[in-house]
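Each remark here refers to the structure printed beneath this line.
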Amino acid sequence: QCEEEWANFTPNWLLVRTKRKFSDNEDIVEENPVSIKVMSSYNLQRQSLLDMSLIKLQLCHMLAEPNLCRSVLIANTVRQIQEEMTLDGSWPVMTETLNTNQNPSDRLIATEILCRTSKDCEEEKTFSVVTYDNLHTEEVLEDSLCITSTEEVPVFLPNTFGAWEREDLKKNSDDSKPTDQVFGAFELKSPVATPDPSIDELFSDVDTSYYDLDTMLTGIHGTPKMGPYDLLDSLSSSHSPSSVTSNLSCRSDLNELDHIMEIIVGS
Amino acid sequence: MGEDADTRKINHSFLRDHNYVTEADIISTVEFNQTGELLATGDKGGRVVIFQREPESKNEPNCQGEYNVYSTFQSHEPEFDYLKSLEIEEKINKIRWLPQQNAAHFLLSTNDKTIKLWKVSERDKRPEGYNLKDEEGRLKDLSTVTSLQVPVLKPMDLMVEVSPRRIFANAHTYHVNSISVNSDCETYMSADDLRINLWHLAITDRSFNIVDIKPANMEDLTEVITAAEFHPYHCNLFVYSSSKGTLRLCDMRASALCDKHSKLFEEPEDPSNRSFFSEIISSISDVKFSHSGRYLLTRDYLTVKVWDLNMENKPIETYQVHDYLRSKLCSLYENDCIFDKFECAWNGTDSVIMTGAYNNFFRMFDRNTKRDVTLEASRESSKPRAVLKPRRVCTGGKRRKDDISVDSLDFTKKILHTAWHPAENIIAIAATNNLYIFQDKVNSEVH
Numbered sequence: 001q002c003e004e005e006w007a008n009f010t011p012n013w014l015l016v017r018t019k020r021k022f023s024d025n026e027d028i029v030e031e032n033p034v035s036i037k038v039m040s041s042y043n044l045q046r047q048s049l050l051d052m053s054l055i056k057l058q059l060c061h062m063l064a065e066p067n068l069c070r071s072v073l074i075a076n077t078v079r080q081i082q083e084e085m086t087l088d089g090s091w092p093v094m095t096e097t098l099n100t101n102q103n104p105s106d107r108l109i110a111t112e113i114l115c116r117t118s119k120d121c122e123e124e125k126t127f128s129v130v131t132y133d134n135l136h137t138e139e140v141l142e143d144s145l146c147i148t149s150t151e152e153v154p155v156f157l158p159n160t161f162g163a164w165e166r167e168d169l170k171k172n173s174d175d176s177k178p179t180d181q182v183f184g185a186f187e188l189k190s191p192v193a194t195p196d197p198s199i200d201e202l203f204s205d206v207d208t209s210y211y212d213l214d215t216m217l218t219g220i221h222g223t224p225k226m227g228p229y230d231l232l233d234s235l236s237s238s239h240s241p242s243s244v245t246s247n248l249s250c251r252s253d254l255n256e257l258d259h260i261m262e263i264i265v266g267s
Numbered sequence: 001m002g003e004d005a006d007t008r009k010i011n012h013s014f015l016r017d018h019n020y021v022t023e024a025d026i027i028s029t030v031e032f033n034q035t036g037e038l039l040a041t042g043d044k045g046g047r048v049v050i051f052q053r054e055p056e057s058k059n060e061p062n063c064q065g066e067y068n069v070y071s072t073f074q075s076h077e078p079e080f081d082y083l084k085s086l087e088i089e090e091k092i093n094k095i096r097w098l099p100q101q102n103a104a105h106f107l108l109s110t111n112d113k114t115i116k117l118w119k120v121s122e123r124d125k126r127p128e129g130y131n132l133k134d135e136e137g138r139l140k141d142l143s144t145v146t147s148l149q150v151p152v153l154k155p156m157d158l159m160v161e162v163s164p165r166r167i168f169a170n171a172h173t174y175h176v177n178s179i180s181v182n183s184d185c186e187t188y189m190s191a192d193d194l195r196i197n198l199w200h201l202a203i204t205d206r207s208f209n210i211v212d213i214k215p216a217n218m219e220d221l222t223e224v225i226t227a228a229e230f231h232p233y234h235c236n237l238f239v240y241s242s243s244k245g246t247l248r249l250c251d252m253r254a255s256a257l258c259d260k261h262s263k264l265f266e267e268p269e270d271p272s273n274r275s276f277f278s279e280i281i282s283s284i285s286d287v288k289f290s291h292s293g294r295y296l297l298t299r300d301y302l303t304v305k306v307w308d309l310n311m312e313n314k315p316i317e318t319y320q321v322h323d324y325l326r327s328k329l330c331s332l333y334e335n336d337c338i339f340d341k342f343e344c345a346w347n348g349t350d351s352v353i354m355t356g357a358y359n360n361f362f363r364m365f366d367r368n369t370k371r372d373v374t375l376e377a378s379r380e381s382s383k384p385r386a387v388l389k390p391r392r393v394c395t396g397g398k399r400r401k402d403d404i405s406v407d408s409l410d411f412t413k414k415i416l417h418t419a420w421h422p423a424e425n426i427i428a429i430a431a432t433n434n435l436y437i438f439q440d441k442v443n444s445e446v447h
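Listed in order, the protein sequences are those of chains A and B.
Letter 62 of the first sequence, counting from 1, is numbered 62 in UniProt numbering, and no numbers are missing.
Letter 216 of the second sequence, counting from 1, is numbered 216 in UniProt numbering, and no numbers are missing.
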């Protein structure tokens with residue numbers, strides 16, 4: 001990989017956070033019996049690129065009619081990152097730390113919405129979510145649970161092209177093969193979490209790109225309940241100020257969409 | 001590069017600019033007609049402005065004809081798609097002129113969804129001397145009519161009339177990015193992100209789908225069409241480019257649906273330059289056939305490439321437009337600049353290629369001498385009739401006076417749309433909401 005290129009790009013907010021947390025958590029770190037591996041700069045930056053891309057895809061849905069070329073290119077980038085992360089075993093998995101009193105805004109939404117494989121859920125292992133705050137991650141390779149070797153690890157990409165193809169949504173919600181879908185919405189809720197049929201029905205024939213994250217988050221075990229606005233808040237606190245204004249406009253867009261949805265659904 | 005020598009040979013004089021002030025006036029397309037007499041611009045507000053070149057004055061043989069506004073009209077209006085609750089932008093994505101066949105001029109203009117054929121005609125005479133109507137058009141009292149007269153045509157002030165002749169609608173689900181008139185002058189194609197349709201200019205209720213890359217499952221979508229163009233004289237051949245950096249040459253004689261390409265032009269990826277942004281920067285934003293029909297010119301984010309139709313595995317020439325941006329790709333991805341779609345252009349003899357960049361810079365590459373130049377389109381740096389000064393972006397090495405450093409480039413000032421006169425060294429540059437027309441003085445001295 002182009003290490004040189006990455007070396008040039010480290011957003012200030014990331015540098016500040018990492019420095020601060022290192023000094024703050026030193027005591028805690030020592031107490032933690034589990035071996036700690038500090039994420040390399042490359043991995044951090046790759047993660048931030050992934051987050052950025054997912055945000056861009058989300059914001060795509062907020063616009064009137066997203067630029068399809070841009071969406072496709074961003075989605076391909078996400079796929080590339082995911083493939084690479086899968087290969088080197090750093091594709092993070094759902095974790096028990098969600099049940100702790102961690103401040104949701106410290107977590108990366110990107111890692112939260114990743115699918116658990118069925119194995120993970122059965123064994124209820126403890127994994128650390130890669131966070132900027134804690135800056136530690138367990139060596140997931142040791143447990144080899146996030147490597148679903150032959151299966152493609154499902155990536156959550158909230159109905160990326162849903163705005164373009166409403167008719168496809170009907171087919172997707174009927175399809176019960178989650179691991180095949182990369183861009184499907186509902187199938188990529190944790191396959192183990194009991195799917196809420198009422199939510200599925202409600203959204204089955206409607207463009208749900210705006211609602212995806214909401215239903216996703218409520219479907220995940222142990223996740224503190226977060227609405228779409230909380231999501232945007234947590235995203236904005238983790239990212240550069242420039243995204244705050246776009247989050248504000250997202251919020252008003254969501255309101256608008258709610259209103260439009262009411263009219264269409266006739267509630 | 002010997003800048004002094006080049007400025008002696010190629011003198012560019014700044015002729016005219018039009019300063020618009022609102023966002024709706026952002027120019028979104030620029031196109032000369034086949035003779036170069038007319039120049040059309042489209043803007044974000046759905047308007048088209050046509051400039052006409054004044055004939056060279058006999059009194060001042062050295063004074064090249066200037067371009068003046070010929071006609072302005074509203075081509076597209078904003079629409080609302082009630083089914084999807086989405087706005088359809090009125091922004092003009094492309095304008096293409098039809099070859100002139102009679103006194104009137106015809107052009108095609110398109111927004112995201114609808115293509116329109118416009119007739120531009122002049123009226124400089126009007127009939128006078130009607131028997132039944134008076135000068136104001138009111139009916140005459142028949143009792144006052146004592147003799148019959150034949151109405152005669154009298155000259156009047158020139159009036160340019162623009163009228164819509166055809167509206168080609170409802171054929172595109174996705175956003176139209178290109179239109180191209182066939183050399184047969186009867187058909188044209190329109191391309192959106194996933195499909196290309198072939199139209200007959202006289203028929204608006206039907207079009208043939210000739211390329212369809214939409215996957216059965218939209219989730220499998222990984223590639224879109226970014227530009228398309230007909231061959232300049234083989235009416236059966238056309239090319240389309242993709243977001244993965246490939247070019248496909250298709251032959252309409254081969255089959256009705258040209259999903260199978262006749263030729264696939266793709267350069268293998270350079271493994272040493274591989275990054276997460278490799279695919280994005282390889283996406284082709286524009287493709288143009290050379291006037292000769294032998295070559296293709298493509299623009300991707302960092303380079304322009306010349307391809308020989310006879311060689312599919314790599315381009316024959318690659319020119320770096322702004323390679324200093326290669327280390328900034330992550331930032332450019334963050335601010336979305338990496339998705340900017342720059343156009344490219346050939347000069348009339350296919351010896352020089354031109355494309356835009358940031359900071360209101362545009363670049364020209366001479367294919368024969370391998371020299372290149374960076375020029376700036378801005379009011380501050382150009383006075384009327386002044387010679388354009390070559391600019392330089394310094395990338396950290398020795399810095400000369402007047403060099404711009406990479407970090408002080410203004411990425412909001414992008415030159416996406418440029419056009420080159422089909423025969424002469426006259427170029428039209430759209431810099432946001434300003435149009436610049438530059439002209440080479442050398443030709444006039446030769447006369």
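Positions of the beta carbon are idealized from the N, C-alpha and C atoms, including for glycine.
If you're wondering where the values come from, they're calculated on a predicted model, not measured in any experiment.
How about residue i and residue j: are their beta carbons less than 9 Å apart?
i: residue 284 of chain B; j: residue 362 of chain B; result: no
i: residue 245 of chain B; j: residue 266 of chain B; result: yes
i: residue 454 of chain B; j: residue 28 of chain B; result: Nothing can be reported for residue 454 of chain B, as the shown portion of chain B is limited to 1 through 447.
i: residue 52 of chain B; j: residue 37 of chain B; result: yes
i: residue 23 of chain B; j: residue 433 of chain B; result: yes
i: residue 343 of chain B; j: residue 286 of chain B; result: yes
i: residue 423 of chain B; j: residue 348 of chain B; result: yes
i: residue 316 of chain B; j: residue 323 of chain B; result: no
i: residue 411 of chain B; j: residue 330 of chain B; result: no
i: residue 98 of chain B; j: residue 201 of chain B; result: yes
I need the boundaries of the alpha helix (DSSP H) containing residue i, first residue and last residue.
i: residue 269 of chain A; result: No answer is possible for residue 269 of chain A: it lies beyond the span of chain A, which begins at 1 and ends at 267.
i: residue 330 of chain B; result: 329–334
i: residue 279 of chain B; result: 278–282
Tell me where the beta strand (DSSP E) around residue i begins and ends.
i: residue 79 of chain B; result: 79–81
i: residue 28 of chain B; result: 27–32
i: residue 179 of chain B; result: 176–181
i: residue 73 of chain B; result: 67–74
i: residue 242 of chain B; result: 237–242
i: residue 295 of chain B; result: 295–299
i: residue 263 of chain B; result: 263–265
Taking just the CA atoms, how far does residue j sit from residue i?
i: residue 164 of chain B; j: residue 117 of chain B; result: 6 Å
i: residue 385 of chain B; j: residue 44 of chain B; result: 29 Å
i: residue 192 of chain B; j: residue 393 of chain B; result: 35 Å
i: residue 40 of chain B; j: residue 47 of chain B; result: 10 Å
i: residue 214 of chain B; j: residue 258 of chain B; result: 13 Å
i: residue 96 of chain B; j: residue 111 of chain B; result: 12 Å
i: residue 41 of chain A; j: residue 275 of chain B; result: 15 Å
i: residue 175 of chain B; j: residue 77 of chain B; result: 16 Å
i: residue 72 of chain A; j: residue 221 of chain B; result: 7 Å
i: residue 204 of chain B; j: residue 248 of chain B; result: 27 Å
i: residue 365 of chain B; j: residue 157 of chain B; result: 44 Å
i: residue 310 of chain B; j: residue 58 of chain A; result: 43 Å
i: residue 373 of chain B; j: residue 354 of chain B; result: 10 Å
i: residue 167 of chain B; j: residue 340 of chain B; result: 29 Å
i: residue 501 of chain B; j: residue 240 of chain B; result: Examination of residue 501 of chain B is not possible in this model, given that chain B is present from 1 through 447 alone.
i: residue 291 of chain B; j: residue 345 of chain B; result: 10 Å
i: residue 146 of chain B; j: residue 137 of chain B; result: 18 Å
i: residue 225 of chain B; j: residue 260 of chain B; result: 14 Å
i: residue 9 of chain A; j: residue 332 of chain B; result: Here the model assigns residue 9 of chain A a pLDDT of 39, short of 50, so the residue's position is not dependable and the matter cannot be decided.
i: residue 73 of chain B; j: residue 49 of chain B; result: 7 Å
i: residue 207 of chain B; j: residue 181 of chain B; result: 14 Å
May I ask whether a heavy atom of the ligand NAD can be found less than 8 Å away from the beta carbon of residue i?
i: residue 103 of chain B; result: Although the ligand NAD was asked about, the structure shown includes no ligands whatsoever.
Quick one: which residues of the segment 72–89 of chain A get their C-beta closer than 7 Å to a C-beta of chain B? List them in chain order.
72, 73, 76, 77, 80 and 81
With a floor of 3 residues, list each beta strand (DSSP E) that falls wholly inside the segment 90–147 of chain B, ordered by position along the chain.
94–97, 105–110 and 115–128
Unbroken stretches of the beta strand (DSSP E), 3 residues or longer, contained in the segment 157–216 of chain B
176–181, 187–192, 195–200 and 208–212
With 7 Å as the C-beta to C-beta threshold (strictly closer), list the residues of the segment 73–97 of chain B near chain A in chain order.
85, 86 and 87
Near-chain A residues of the segment 220–247 of chain B (beta-carbon distance less than 9 Å), N- to C-terminal order:
Sequence-ordered contacts of the segment 220–247 of chain B with chain A read 220, 221, 222, 223, 224, 225, 226, 243 and 244 [C-beta pairs closer than 9 Å].
Relative to chain A, which residues along the segment 247–280 of chain B have a C-beta separation below 8 Å, given in chain order?
273, 274, 275, 276, 277, 279 and 280
The segment 183–206 of chain B: positions lying closer than 7 Å to chain A by Cβ
Near chain A, meaning a CB-to-CB distance below 7 Å, the residues of the segment 183–206 of chain B are 193.
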